[in-house]
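Here the structure is laid out as structure tokens; the discussion comes afterwards.
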Amino acid sequence: MVLAAHAIVGRAPSSAVRLTDHAASNDHAAVSWKGERWQVRDLASTNGTSVDGRPLEAGTNVDIKRGSVLQFGGSAERWELTDDGGPVVVARALATGEERQAVDGLLALPDADSVLVSIFVDTAGRWLIEGSDGSQRPVSDKEEITVAEERWMLTVPPASPIAGTYKTAPSLSLVTCTLRFHVSRDEEHVRIEAVDGGDVLEIGQFAPFYALLLLARARRKDAARGELPEDEQGWIHVVDLARQLRVDEKYLNVLLFRARQAFAKAGLGSEIVQRRRREIRIATGRVEELKA
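Under the UniProt record's numbering, think of the first position of the sequence shown as 1, with each following residue one higher.
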């Protein structure tokens, strides 16, 4: 069960956390994200709510954390909070009820092997939706979208700059670090490190990183020429990038999503690439290339 920023717990059909035991009330309790922590509040239920065995006073917010056990009514409804990170975007297929949640601040629809739409959180904690053409806009809570002829409803938490919204704060940042590309002589293998002074973060070796290498080269080339302002350096048309990679545009979106996943998993966020309609570039000009 993935919680939205505010979830009603109870037996009512509209409850986000649906209870079945008759000792529970229709609107039993509320679990909410308060910007830095989760809290639970009993909604004057008939048989009460407890946290780790301690009964709650109705209407009082109580902090909960990972490992907290919540009991709603009788012992048949005992729930454990297994992850106390903040809420993330959840997409629910209206036809089937299937749910998919963002991981490390990223969600692909219809799935990660066919990326027609990407949803990601930016450095300000805002959730954005990106189309396959690179267009981006903020996404709204309860918004419905159609992807590959399937209708999805999105549950979107409020913007939050708290790093715990999706991942522990990283020790390095794309804003200040240099990306060091280690490239084999045949360019079949590309490994990336993030370097900031004496700190080195190994991001790893991954096939999609070759796309980032091409983008890094384009940005370095424009910077060396000195003819364009910084915010116009390194942009490549998606058709040209796909041609260099010898893939179609559909698979290019998959490669870019996987590169974003790798950086997000490393704690550097999901904004390693920047997109505008039909164009793309790497998000930083601090890049180095080393040949093996």
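Using N, Cα and C, we set each Cβ at its ideal position, and we do this for glycine too. Quick caveat, the model's predicted, so the values are computed rather than measured.
Segment contact: the region 177-185 against the region 130-137, fewer than three CB-CB distances shorter than 8 Å; contact not assigned.
The beta-bridge partner set that DSSP reports for M153 consists of R92, E144. Straight-line measurement puts the Cα of T60 at about 13 Å from the Cα of H28.
By the Cβ neighbour-count rule, R278 is exposed, with fewer than 16 other Cβ atoms within 10 Å of its own. Counting the other CB atoms within 10 Å of its CB gives T284 a total of 16 or more, which places it among the buried residues. For the options E249, F209, G74, D240, the alpha carbon positioned closest to that of Q261 is the one of F209. Between V9 and V17, the gap from beta carbon to beta carbon is short of 8 Å.
With contacts defined as CB atoms closer than 8 Å, L109 and F120 fail to qualify as a contacting pair. For the beta strand (DSSP E) assignment, the uninterrupted runs of no fewer than 3 residues enclosed by the region 9-34 are, from N- to C-terminal side, 29-33. Closest by C-alpha distance to N47, out of L154, N26, S140, K265, is N26. DSSP places N47 in no beta strand (DSSP E); its state is neither H nor E.
In this structure, DSSP gives D111 an extended state, which the three-state scheme calls strand.
Within the same chain, D21 come within 6 Å of A76 by CB-CB distance, once the 5 residues on both sides are set aside. According to the DSSP secondary-structure assignment, T178 is paired through a beta bridge with V195.
In the displayed model, L252 falls within a helix according to three-state DSSP. In summary, G234 is buried, with 16 or more beta-carbon neighbours lying within 10 Å of its beta-carbon over all protein chains present. Nearest in C-alpha terms to K250, of all of S114, E193, Q101, A44, is S114.
DSSP, read as helix, strand or coil, puts R220 in helix. Under DSSP, G131 forms a beta bridge with V117. Between the C-alpha atoms of K34 and A259 there is a straight-line separation of about 31 Å. By the criterion of a C-beta distance shorter than 8 Å, V147 is surrounded in its chain by L109, P110, L116, V117, once the five residues flanking it on both sides are discounted.
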